[in-house]
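Below is one structure, written out as structure tokens; comments come after it.
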Amino acid sequence: MAEIDFRNKINWRRRYRSPQGVKTEREILRIFESDRGRIINSAAIRRLQQKTQVFPLERNAAVRTRLTHSLEVQQVGRYIAKEILSRLKEQRLLETYGLDELTGPFESIVEMACLMHDIGNPPFGHFGEAAINDWFRQRLAPDDAVSQPLSDDRCEVVALKLREGEDTLNALRRKVRHDLSHFEGNAQGIRLVHTLMRMNLTWAQVGCILKYTRPAWWIGEPPASHSYLMKKPGYYFSEEAYVERLRKELNLDTYSRFPLTWIMEAADDISYCVADLEDAVEKRIFSAEQLYQHLYDAWGQHEKGSLFAQVVENAWEKSRANSMSRSAEDQFFMYLRVNTLNKLVPYAAQRFIDNLPQIFSGEFNHALLEDESGFSQLLELYKNVAIKQVFSHPDVEQLELQGYRVISGLLDIYRPLLQLSTADFAELVEKERLRRFPIESRLFQKLSTRHRLAYVEAVSKLSPDAAEYPVLEYYHRCRLIQDYISGMTDLYSWDEYRRLMAVE
Ligand SMILES: Nc1nc2c(ncn2[C@H]2C[C@H](O)[C@@H](COP(=O)(O)OP(=O)(O)OP(=O)(O)O)O2)c(=O)[nH]1
Ligand SMILES: [Mg+2]
Numbered sequence: 001m002a003e004i005d006f007r008n009k010i011n012w013r014r015r016y017r018s019p020q021g022v023k024t025e026r027e028i029l030r031i032f033e034s035d036r037g038r039i040i041n042s043a044a045i046r047r048l049q050q051k052t053q054v055f056p057l058e059r060n061a062a063v064r065t066r067l068t069h070s071l072e073v074q075q076v077g078r079y080i081a082k083e084i085l086s087r088l089k090e091q092r093l094l095e096t097y098g099l100d101e102l103t104g105p106f107e108s109i110v111e112m113a114c115l116m117h118d119i120g121n122p123p124f125g126h127f128g129e130a131a132i133n134d135w136f137r138q139r140l141a142p143d144d145a146v147s148q149p150l151s152d153d154r155c156e157v158v159a160l161k162l163r164e165g166e167d168t169l170n171a172l173r174r175k176v177r178h179d180l181s182h183f184e185g186n187a188q189g190i191r192l193v194h195t196l197m198r199m200n201l202t203w204a205q206v207g208c209i210l211k212y213t214r215p216a217w218w219i220g221e222p223p224a225s226h227s228y229l230m231k232k233p234g235y236y237f238s239e240e241a242y243v244e245r246l247r248k249e250l251n252l253d254t255y256s257r258f259p260l261t262w263i264m265e266a267a268d269d270i271s272y273c274v275a276d277l278e279d280a281v282e283k284r285i286f287s288a289e290q291l292y293q294h295l296y297d298a299w300g301q302h303e304k305g306s307l308f309a310q311v312v313e314n315a316w317e318k319s320r321a322n323s324m325s326r327s328a329e330d331q332f333f334m335y336l337r338v339n340t341l342n343k344l345v346p347y348a349a350q351r352f353i354d355n356l357p358q359i360f361s362g363e364f365n366h367a368l369l370e371d372e373s374g375f376s377q378l379l380e381l382y383k384n385v386a387i388k389q390v391f392s393h394p395d396v397e398q399l400e401l402q403g404y405r406v407i408s409g410l411l412d413i414y415r416p417l418l419q420l421s422t423a424d425f426a427e428l429v430e431k432e433r434l435r436r437f438p439i440e441s442r443l444f445q446k447l448s449t450r451h452r453l454a455y456v457e458a459v460s461k462l463s464p465d466a467a468e469y470p471v472l473e474y475y476h477r478c479r480l481i482q483d484y485i486s487g488m489t490d491l492y493s494w495d496e497y498r499r500l501m502a503v504e
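Using UniProt numbering, you'd call the opening residue of the sequence shown number 1 and step up by one each time.
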């Protein structure tokens, strides 16, 4: 196993116009300050304020959006990072691990990864994701492209159908069909930061948001050694070369993760578990008292001094004891959050330290807060109550169904752009309007320039005479549509759908 030296991991160089030479501690810190500026000032971060965390199209501003959730994750991530660093300092291990001059960047990378962790999420969260994937699956039939060409291949796109005797091209067709049918928020995040927004962040900062290491075109089960790390798609074919370079720059094996990513993940898990329940109370899905009862019942065995008693019961009792100054509900959540953090953060920090060799090499195949401990059990308790009582609430499910319809509806509306031939679409891209395609021209005009540019750049690198040209061109055209629709906020997609359906 490689020696643990974070100086070989925290790569502060950038893909373009990178700072050169040897840098002092202060100079390195300044590079990460620049990353912070790039991230906080990006439109993609601002759009998170109108994206669903749990409750779609929520008008009550006290209920969390992806942005306010991400701010909380940032705070928890910072807490875990500081806890890890101070423990290492106490044990005089900072220098041993090459961290003595990198504590600032360590914290900053975690914080900014937390702020960005949901940046690629489509409107309506998992339902938007499902809508995009169902829509593309129905048209590209990836399951009909698993091995040999089939005579009854259900793929609607002629250029993507596998054909006898074209093994190399078939491999590409297979890859493209699977990749496009696996839209995923985390993978879109990598694409957004690199290809679409061109934020040119440091390698370490991007590495920290590569949460899952499975390529979107992957077929079949991932290897058991990486089952957790490859649980979901983490990046697309369009970013394959970039991710390969990223791995080289961060000394990561093929399906390994960047060490600080585990901290971001734990911060997310800790944040949303209490927050989702608090939002449900704010939304009057249940009262704080009913919530306490749900938690009590779901915990099962109640022993004196259990983690439940220390965290949940304690919060409940304290909130009852002094309800003079603030509402008992607010107090309950304040104590619940504080108690939960005070237990889970030190635990996550210690688990990081205890498993440092495997985490440093990127192969630790679990979340920090996923084991047999009471701490993980507490987290599960919150999540299970949310699944059972909150996510399945009729109002929430109704809105999710509408969100699903909006995203599939928008894909139907933009479909004519995917039905143009390669040559016609090329002409449309060049001239921006074509008399003979009035609908397509208008739809094309609506796509955002940033997304169109990414398409043009990708296609300009292809050779038009090559056999794979139609396959790759179509791939990037589908990406363009997915970029545009997934980049909308909930509200924008909702309004846009109604406008285009001429409902208003
Ligand atoms: N309304 C609703 N919310 C859900 C559902 N499942 C999870 N959530 C909420 C719980 C959290 O606040 C948030 C977490 O969602 P993410 O999209 O970040 O996914 P998650 O963290 O599970 O996975 P990932 O980040 O991709 O590893 O979404 C659901 O079925 N309905
Ligand atoms: Mg998440």
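Just so it is clear, CB atoms sit at the ideal spot from N, CA and C, and this is done for glycine as well.
Residue burial classification, residue i (beta-carbon count within 10 angstroms, cutoff 16)
{"i": "Q53", "result": "buried"}
{"i": "Y235", "result": "buried"}
{"i": "E430", "result": "exposed"}
{"i": "S460", "result": "exposed"}
{"i": "Q20", "result": "exposed"}
{"i": "Q445", "result": "exposed"}
{"i": "M501", "result": "exposed"}
{"i": "R214", "result": "buried"}
{"i": "S256", "result": "buried"}
{"i": "Q138", "result": "exposed"}
{"i": "H226", "result": "buried"}
{"i": "P394", "result": "exposed"}
{"i": "P56", "result": "buried"}
{"i": "L443", "result": "buried"}
{"i": "V22", "result": "exposed"}
{"i": "Q50", "result": "buried"}
Residue i - containing alpha helix (DSSP H), residue span
{"i": "Y484", "result": "469 to 486"}
{"i": "V146", "result": "Here V146 belongs to no alpha helix (DSSP H), and DSSP marks it neither H nor E."}
{"i": "L71", "result": "66 to 90"}
{"i": "R46", "result": "43 to 47"}
{"i": "E244", "result": "240 to 249"}
{"i": "H294", "result": "288 to 299"}
Closest by C-alpha distance to residue i, when choosing among the options
{"i": "D297", "options": "L472, I45, L378", "result": "L378"}
{"i": "A288", "options": "A328, D269, P259, R257", "result": "A328"}
{"i": "R337", "options": "W203, Y382, R351, L369", "result": "Y382"}
{"i": "L102", "options": "S42, I28, N121, K161", "result": "I28"}
{"i": "C273", "options": "E239, F333, K232", "result": "F333"}
{"i": "F136", "options": "V312, L410, E278, R47", "result": "L410"}
{"i": "W217", "options": "G189, M197, R173", "result": "R173"}
Element boundaries [beta strand (DSSP E), containing residue i]
{"i": "G185", "result": "Counting along the chain, G185 falls outside any beta strand (DSSP E), though it belongs to the alpha helix (DSSP H) covering 185 to 191."}
{"i": "Y235", "result": "233 to 235"}
Closer than 7 Å: residue i CB and nearest ligand 1 heavy atom
{"i": "H126", "result": "yes"}
{"i": "residue 505", "result": "A question about residue 505 goes unanswered here, because the residues of the chain that appear run from 1 up to 504."}
{"i": "K283", "result": "no"}
{"i": "K211", "result": "yes"}
{"i": "G77", "result": "no"}
{"i": "F375", "result": "no"}
{"i": "E232", "result": "According to the sequence shown, residue 232 is Lys rather than Glu. Yes, Cβ of K232 sits closer than 7 Å to a heavy atom of ligand 1."}
{"i": "G120", "result": "no"}
{"i": "F333", "result": "no"}
{"i": "E313", "result": "no"}
{"i": "G185", "result": "yes"}
{"i": "V396", "result": "yes"}
{"i": "F391", "result": "yes"}
Near ligand 4: residue i beta-carbon under 7 Å from a heavy atom
{"i": "Q53", "result": "Ligand 4 is not part of the structure shown, which contains ligand 1 and ligand 2 as its ligands."}
Does the count of Cβ pairs from the segment 66 to 81 and the segment 288 to 303 closer than 8 Å reach three? no
Given 8 Å, three or more beta-carbon pairs between the segment 306 to 313 and the segment 359 to 377: By the Cβ rule, the segment 306 to 313 counts as touching the segment 359 to 377, because three or more pairs are nearer than 8 Å.
Taking contact to mean 3 or more Cβ pairs, one atom from each stretch, closer than 8 Å, check whether the segment 179 to 192 and the segment 489 to 499 are in contact. no
If you pair each beta-carbon of the segment 186 to 195 with each one of the segment 208 to 224, do three or more pairs fall below 8 Å? yes
Is there contact between the segment 342 to 356 and the segment 80 to 98, where contact requires at least three CB pairs shorter than 8 Å? Judged by Cβ distances under 8 Å, the segment 342 to 356 makes contact with the segment 80 to 98, as three or more pairs qualify.
Using 8 Å as the Cβ pair cut-off and three pairs as the minimum, do the segment 243 to 259 and the segment 8 to 15 touch? yes
For the segment 197 to 205 against the segment 102 to 112, are there 3 or more C-beta pairs whose distance is under 8 Å? yes
Check whether the segment 469 to 484 and the segment 405 to 424 touch, using three or more Cβ-Cβ pairs below 8 Å as the test. yes
Between the segment 124 to 135 and the segment 394 to 409, can you find at least three pairs of beta-carbon atoms closer than 8 Å? Yes: the two stretches touch, three or more of their Cβ pairs being nearer than 8 Å.
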